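A.B. asks: Each residue of the sequence shown is one higher than the one before, counting from 296 in this note's numbering.
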Amino acid sequence: SAINDLKNNKKRKQDAAVGERTANYRKVIGRIKSAAGSGARSADSCLRISLQDILNVDTKGRWWKVGASWVGNQMGGSTEGNSQTNEDQEGATLSSNQKRRMQVEKEEDAILLLASEQRMNTDTRRSIFCIVMGSADCDDAFEKLVRAGMLKNKTERDTIRVLVDCCGQEKAYNPFYAHLACRLCDFQPRCKFTLQLAFWDLFKLFDTMSARKAANLAKLLAHLVGAGLCLNLQVLKVIDMAPDSMSETCTLFLTVFFTNILELFDDPMQATSLFKTAAARRKKSKRGDDPFGEEEEEVDVQENDGDGLRENISVFLLQFLKSSPKNAKKSKFQANFKAAVKACESDGLDAFGLM
296 SAINDLKNNK KRKQDAAVGE RTANYRKVIG RIKSAAGSGA RSADSCLRIS LQDILNVDTK
356 GRWWKVGASW VGNQMGGSTE GNSQTNEDQE GATLSSNQKR RMQVEKEEDA ILLLASEQRM
416 NTDTRRSIFC IVMGSADCDD AFEKLVRAGM LKNKTERDTI RVLVDCCGQE KAYNPFYAHL
476 ACRLCDFQPR CKFTLQLAFW DLFKLFDTMS ARKAANLAKL LAHLVGAGLC LNLQVLKVID
536 MAPDSMSETC TLFLTVFFTN ILELFDDPMQ ATSLFKTAAA RRKKSKRGDD PFGEEEEEVD
596 VQENDGDGLR ENISVFLLQF LKSSPKNAKK SKFQANFKAA VKACESDGLD AFGLM
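1. CA-CA distance, N599 and L526?
2. How would you call T489, buried or exposed, if buried means at least 16 neighbouring beta carbons within 10 angstroms?
3. Count the other CB atoms within 10 Å of the CB of D460; is the residue buried (16 or more) or exposed (fewer)?
4. Could you have a look at T503 and say whether DSSP puts it in helix, strand or coil?
5. Tell me the start and end of each unbroken alpha helix (DSSP H) in the stretch 482 to 549 that is at least 4 residues and wholly inside, in chain order.
6. State the start and end residues of the unbroken alpha helix (DSSP H) segment that holds L350.
7. Does the distance from the C-beta atom of F471 to that of C433 stay below 7 Å?
8. Using the Cα positions of S358 and F437, report the straight-line distance between them to the nearest angstrom.
9. Any idea what DSSP makes of L418, helix, strand or coil?
10. Could you tell me which of L547, G603, I344 and D435 sits nearest to C639, measuring between CA atoms?
11. Alpha carbon to alpha carbon, how far is K625 from A522?
12. Just tell me which of E558, L479, D435 and F501 has its CA closest to the CA of A517.
13. Specify, as a first and last residue, the run of the alpha helix (DSSP H) that F628 falls within.
14. Contact defined as beta carbons within less than 8 Å: I believe Y468 pairs with K439. What is the distance between those atoms, to the nearest angstrom?
15. Can you list, in chain order, the residues of its chain whose CB lies under 6 Å from that of K621, leaving out five sequence neighbours each side?
16. May I ask which residues mark the beginning and end of the alpha helix (DSSP H) holding Q464?
17. So, are the CB atoms of C486 and E451 less than 7 Å apart?
18. Just reading off the alpha helix (DSSP H) that R343 is part of, what are its end residues?
19. Could you give the residue range of the alpha helix (DSSP H) that holds E438?
20. Can you find the residues in the same chain that come closer than 7 Å, C-beta to C-beta, to D481, ignoring five residues on each side of it along the sequence?
21. Taking all protein chains shown into account, do 16 or more other C-beta atoms lie within 10 angstroms of the C-beta of P563, making it buried, or fewer, making it exposed?
22. Below 8 Å on the Cβ atoms is my guess for L497 versus L512; work out the distance and round it to an integer in Å.
23. I need the straight-line Cα distance from F615 to T550, nearest angstrom please.
Given below as structure tokens:
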């Protein structure tokens, strides 16, 4: 029958009902379009729902919904009041952002002023100073220095010297600089030699150096030497440790340095290893460089320098640190002290572990 109806173009009752509903829908959509096109969508016909109305739904209700509860003017709320509140909040947000921006600019100006006081006389050094002093922690400073290219070519020299100078100028020693120096040396190995040269230049200024700066630099060097990753005791070979020739600042520097070294190790064998191998490290690297023996005289000189350094360290330890209050019986300091003195008094063969 359905085929016959289709053949005779005869509509079913169900199809007629669907057609009527479709026609009604089309009429409704047409009226909506005509109303929108004729300007019926004016300002008066739109719901003026503000952000504040939506945020205050729990306290004031939904005034735009038919049958919903609404507190309204009982809470002192109005359209003008809501707009004024929004303006106040926007103004408060802007003022807080401005205050934050002003605070950042003030901090940057203070760092630049401090850089000029510390005689950072080049743009590179000022940039390094601002990065180091304005960083949140060691990792932040390291990442900023790497991104800024401060470890490339000759710029790493300025980075190391600014780092050491900042550590010396602190009112109290800050291990931040030691950890940052270790990160730099691990990332850029040539920073180790730059660090050694920086300390050698500072050793020449003991006569004019303040006690606070000498103590800070001694603790920095103790951290770098004790870590075993950056420097070794060879850095002290340029210092004349004769008691008659040392200045008060030099004596203070070495006292603080060796005190921190001897308090660093939990195992006396670590102190023994440090004081034994430090003086012999360079001669081990040079021995056998020339198979024809042309380097023999230079090797002998370095061996004598190593022996002289061990002797100087041993004399200094016995003269200045043996009577230290920290050298108490059965203390970690005393155990490391004895191990260091014994290692320094060993002969050259013992330094290589052959005896």
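Beta carbons are placed, not taken as given, at the ideal position from N, Cα and C, and that holds for glycine. Please read all numbers here as calculations on a predicted model, not as lab measurements.
C.D. replies: Concretely, from the data shown:
1. Counting from one through the sequence shown, the residue named residue 599 turns up at place 304. Counting from one through the sequence shown, the residue named residue 526 turns up at place 231. Confidence at N599 is low in this model, with a pLDDT of 47, below 50, so the placement of that residue should be treated as unreliable; the coordinate-derived value is given next. Cα-Cα distance, rounded: 20 Å.
2. Numbered from 1 along the sequence shown, position 194 holds the residue referred to as residue 489. T489 is buried by the Cβ-count criterion.
3. One-based indexing of the sequence shown puts residue 460 at position 165. So D460 counts as buried.
4. Sequence index remark: in the sequence shown, residue 503 carries index 208 (1-based). T503: coil per DSSP, three-state reduction.
5. 486 to 498 and 506 to 522
6. Residue 350 sits at position 55 when you count from the first residue of the sequence shown. Note, L350: alpha helix (DSSP H), L346 to L350.
7. Position 176 of the sequence shown, counted from the first residue, corresponds to residue 471. Position 138 of the sequence shown, counted from the first residue, corresponds to residue 433. Judged by beta-carbon spacing, C433 lies within the 7 Å limit of F471, meaning their Cβ atoms are closer than that value.
8. As a working note, residue 358 is residue 63 in the sequence shown. As a working note, residue 437 is residue 142 in the sequence shown. Reading off the sequence shown, one finds Trp at residue 358, where the question assumed Ser. If you draw a straight line from the Cα of W358 to the Cα of F437, it is about 57 Å long.
9. One-based indexing of the sequence shown puts residue 418 at position 123. First, the amino acid is wrong: residue 418 is Asp here, not Leu. Helix.
10. Numbered from its first residue, the sequence shown carries residue 639 at position 344. The shortest C-alpha separation from C639 is found at G603.
11. For the purposes of this step, residue 625 is taken as residue 330 along the sequence shown, with counting starting at 1. For the purposes of this step, residue 522 is taken as residue 227 along the sequence shown, with counting starting at 1. If you take the alpha carbons of K625 and A522, they lie about 24 Å apart.
12. The count along the sequence shown starts at 1 and reaches residue 517 at position 222. Answer by Cα proximity: E558.
13. Within the sequence shown, the letter at position 333 stands for residue 628. Counting along the chain, the alpha helix (DSSP H) containing F628 begins and ends at K627 to C639.
14. In the sequence shown, counting from the first residue as 1, residue 468 sits at position 173. In the sequence shown, counting from the first residue as 1, residue 439 sits at position 144. Actually they are not in contact, since the Cβ atoms of Y468 and K439 sit about 23 Å apart, beyond 8 Å.
15. As a first step, residue 621 is located in the sequence shown; it is residue number 326 there, counting from the start. Only F628 meet the Cβ criterion.
16. Residue mapping note: residue 464 aligns to position 169 of the sequence shown, counting from 1. From DSSP, the alpha helix (DSSP H) with Q464 extends over T450 to Q464.
17. Locating residue 486 in the sequence shown gives position 191, counting from the first residue. Locating residue 451 in the sequence shown gives position 156, counting from the first residue. The answer is yes: Cβ separation under 7 Å.
18. Along the sequence shown, read from residue 1 onward, the residue named residue 343 stands at position 48. Premise fails: R343 is in no alpha helix (DSSP H) and is neither H nor E.
19. As a first step, residue 438 must be located in the sequence shown, where it is residue number 143. In the DSSP assignment, E438 falls within the alpha helix (DSSP H) that extends over C433 to R442.
20. Along the sequence shown, read from residue 1 onward, the residue named residue 481 stands at position 186. Within the same chain, D481 has close Cβ partners L524.
21. By 1-based counting over the sequence shown, the position of residue 563 is 268. Answer is buried; the Cβ neighbour count reaches 16.
22. The residue you call residue 497 lines up with position 202 of the sequence shown. The residue you call residue 512 lines up with position 217 of the sequence shown. That pair is a contact at about 6 Å.
23. Position 320 of the sequence shown, counted from the start, is the residue given in the question as residue 615. Position 255 of the sequence shown, counted from the start, is the residue given in the question as residue 550. Each residue's alpha carbon lies about 7 Å from the other.
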